[in-house]
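In terms of the numbering used here, the sequence shown opens at residue 2 and continues consecutively. Cβ coordinates follow ideal geometry from the N, Cα and C atoms, glycine included. In this text, all values refer to a predicted model and were calculated from it rather than measured experimentally. A short worksheet on the structure shown next.
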Amino acid sequence: MVDQQGRPEETWTRGQRWVSDGEPELGLGVIRKSGDGRVEIVFPAAGETRIYATDTAPLRRVRFVEGDRVKLRSGEEVVVTGVREEKGLRVYETADGAVGEEALCDSISFSKPEDRLFGGKLDEPGDFDLRGEALKRRAEMRRSPVRGLAGARMDLIPHQLFIADEVANRPRPRVLLADQVGLGKTIEACLILHRLILTGRAERVLILVPEPLVHQWFVELLRRFQLSFSLFDEARCEAIEYGDPECNPFLDSQWILAAVDFLADNEERAQQVINAGWDVLVVDEAHHLEWSPEAAGPSYEVVRRLAETTESLLLLTATPQQLGPEGHFARLKLLDPDRYTDLEQYREETLHYEEVADVVESLAAGAPIDDRLQTLVNGRPRLEQRVVDLVAGKAEARERLITD
Numbered sequence: 002m003v004d005q006q007g008r009p010e011e012t013w014t015r016g017q018r019w020v021s022d023g024e025p026e027l028g029l030g031v032i033r034k035s036g037d038g039r040v041e042i043v044f045p046a047a048g049e050t051r052i053y054a055t056d057t058a059p060l061r062r063v064r065f066v067e068g069d070r071v072k073l074r075s076g077e078e079v080v081v082t083g084v085r086e087e088k089g090l091r092v093y094e095t096a097d098g099a100v101g102e103e104a105l106c107d108s109i110s111f112s113k114p115e116d117r118l119f120g121g122k123l124d125e126p127g128d129f130d131l132r133g134e135a136l137k138r139r140a141e142m143r144r145s146p147v148r149g150l151a152g153a154r155m156d157l158i159p160h161q162l163f164i165a166d167e168v169a170n171r172p173r174p175r176v177l178l179a180d181q182v183g184l185g186k187t188i189e190a191c192l193i194l195h196r197l198i199l200t201g202r203a204e205r206v207l208i209l210v211p212e213p214l215v216h217q218w219f220v221e222l223l224r225r226f227q228l229s230f231s232l233f234d235e236a237r238c239e240a241i242e243y244g245d246p247e248c249n250p251f252l253d254s255q256w257i258l259a260a261v262d263f264l265a266d267n268e269e270r271a272q273q274v275i276n277a278g279w280d281v282l283v284v285d286e287a288h289h290l291e292w293s294p295e296a297a298g299p300s301y302e303v304v305r306r307l308a309e310t311t312e313s314l315l316l317l318t319a320t321p322q323q324l325g326p327e328g329h330f331a332r333l334k335l336l337d338p339d340r341y342t343d344l345e346q347y348r349e350e351t352l353h354y355e356e357v358a359d360v361v362e363s364l365a366a367g368a369p370i371d372d373r374l375q376t377l378v379n380g381r382p383r384l385e386q387r388v389v390d391l392v393a394g395k396a397e398a399r400e401r402l403i404t405d
């Protein structure tokens, strides 16, 4: 067992065995020397040496009593039949003779709960209460609806908080953050990332930005969110491969920030980053990714291939009005290639968006069914049924029609 006093009243003597309260995994230590208010203890099992101030040393003297089973350095186990002191050192009587404390096994540890209990190494009740309160508060923090959204070093604007919360709560967020310059798309994306990482939903994150913005993103992530991303370029990849030419350098870090042109101009690196696998892909200035119905630019093609194998995708771009129909379609195609397959079909759909918006606005205001609504729902069985339900006066029929 271990003496209960944290600060010994007895003399520090070379050869005495002690255990560290702060580092019980070190095993049994032995005093090498003491003096001038300090004591030097060697922990042979861990190969470590510690020097403590004698009046504040977090140490407890090892003391076994009659009936204890003790392991020796030789590997033998003996049963203590008696204990005596000789020149400050403890001598244990056993059936096979006397054993000095210097012969005790160095790897005896009191780090396991049962070892601490049976060894008499007990904490104060107040420590238990404090630990319980800390665990309770940590559990409350993890359940908080604003976890990952409230810890950033900034004053959030309401619309940023709303967007980040809305997107981060989706099972697999694939969204286009389109806004005017200066309204906080970068902050929104970082908030979403922060939330996904803290809640354990994202471990591997890749951020692709134009070359001039690489260091700006790095500083923002670190200064505001304490997210330390690794900057990757050709020199970084070559340095990693120097030690292992066959490795994939993009597996060396979990969070990577790189210039999109770096990958677009190097097919080998592009294939490596795709093979590395990611939980979240973030692309800034996505409106600069060139695409046309005839061909896609190299940057767009790299992002497309990454988007196909990545569950969550955040595209930061200009507004749809600035992109134009063709540019907006190209971004939507990255988000959902199964939904957006044909540019001309998309153009046809957009012609009716304003009409649909007017009808929805009228429905929300409580207006009756008119010819415009009937025209829109014709040929769509689900919507036709909603109209039938609305005419029949069924509860929530109007809201469901608007939602659908």
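Following the DSSP letters along the chain, one finds Ser300 inside the alpha helix (DSSP H) bounded by residues Pro299 to Thr310. The beta-carbon distance between Pro321 and Ala260, rounded to whole angstroms, is 26 Å. This is too long to meet the 8 Å contact definition. The beta carbon of Glu94 is closer than 6 Å to those of Thr82 and Gly83 in its chain, skipping five residues each way along the sequence. Between Ala287 and Arg332, the beta carbon gap of about 6 Å places them in contact (Cβ cut-off 8 Å). Annotation: the continuous beta strand (DSSP E) that includes Leu232 extends over Ser231 to Phe233. Boundaries around Leu162 are those of the alpha helix (DSSP H), Pro159 to Ala169, since no beta strand (DSSP E) includes it. In the DSSP assignment, the residues bridged to Ile42 are Ile32 and Arg51.
Annotation: the continuous alpha helix (DSSP H) that includes Arg399 extends over Ala398 to Thr404.
In the displayed model, Ala260 falls within a strand according to three-state DSSP.
For Arg175, the enclosing beta strand (DSSP E) starts and ends at Arg175 to Ala179. Tyr301 is classed as buried because its beta carbon has at least 16 other beta carbons within 10 Å across all chains shown.
Distance from the CA of Glu103 to the CA of Pro25, rounded to the nearest whole angstrom, comes to 18 Å. Shortest Cα-Cα distance from Ile32 to any of Leu60, Leu352 and Asp56 involves Leu60. Inter-residue distance for Val220 and Leu90 is about 58 Å (C-alpha atoms, whole angstroms).
With respect to the 9 Å criterion, Gly68 and Cys106 are not classified as neighbours on the basis of their beta carbons.
Across the structure, Arg399 and His353 are spaced so that their CA atoms are roughly 21 Å apart. Per DSSP, Leu27 is not a residue of any beta strand (DSSP E), being assigned neither H nor E. Pro174 places its beta carbon less than 9 Å from that of Leu197. Taking the Cα of Gly152 as reference, the smallest distance to any Cα among Thr376, Glu141, His195 and Val176 is reached at His195. Counting every other CB atom within 10 Å of its CB across the protein chains shown gives His160 a total below 16, marking it as exposed. The three-state secondary structure of Thr200, taken from DSSP, is coil. In the structure shown, Glu212 falls within a helical segment according to DSSP collapsed to helix, strand and coil.
DSSP places Tyr93 within a strand segment (E or B) once states are collapsed to three. In the three-state DSSP reduction, Val281 falls in the strand class (E or B). By the Cβ-count criterion, Leu223 is exposed, with fewer than 16 other Cβ atoms from all chains shown falling within 10 Å of its own Cβ.
Rounded to the nearest whole angstrom, the CA to CA distance from Ser313 to Lys334 is 14 Å. With respect to Asp234, Phe263 sits close: the two C-beta atoms are nearer than 9 Å. The residues Arg15, Val40 and Glu41, in chain order, have a CB closer than 8 Å to that of Lys34 in the same chain once the five nearest residues on each side in sequence are set aside. When only Cα atoms are considered, Gly48 and Thr310 end up about 47 Å apart.
In this structure, the beta-carbon distance from Thr342 to Leu178 does not fall below 9 Å. Annotation: Glu204 to Arg270 spans about 21 Å, alpha carbon to alpha carbon.
Looking at the DSSP output, Gly325 sits in no beta bridge, so it has no partner there. Counted as a single uninterrupted DSSP element, the beta strand (DSSP E) harbouring Leu60 occupies residues Leu60 to Arg62. Taking the Cα of Gln255 as reference, the smallest distance to any Cα among Glu239, Ile275 and Phe230 is reached at Phe230.
For Val206, the beta-bridge partners assigned by DSSP are Trp256 and Val281.
Between Ala190 and Leu307, the C-beta gap is not smaller than 9 Å, which leaves the two residues out of contact.
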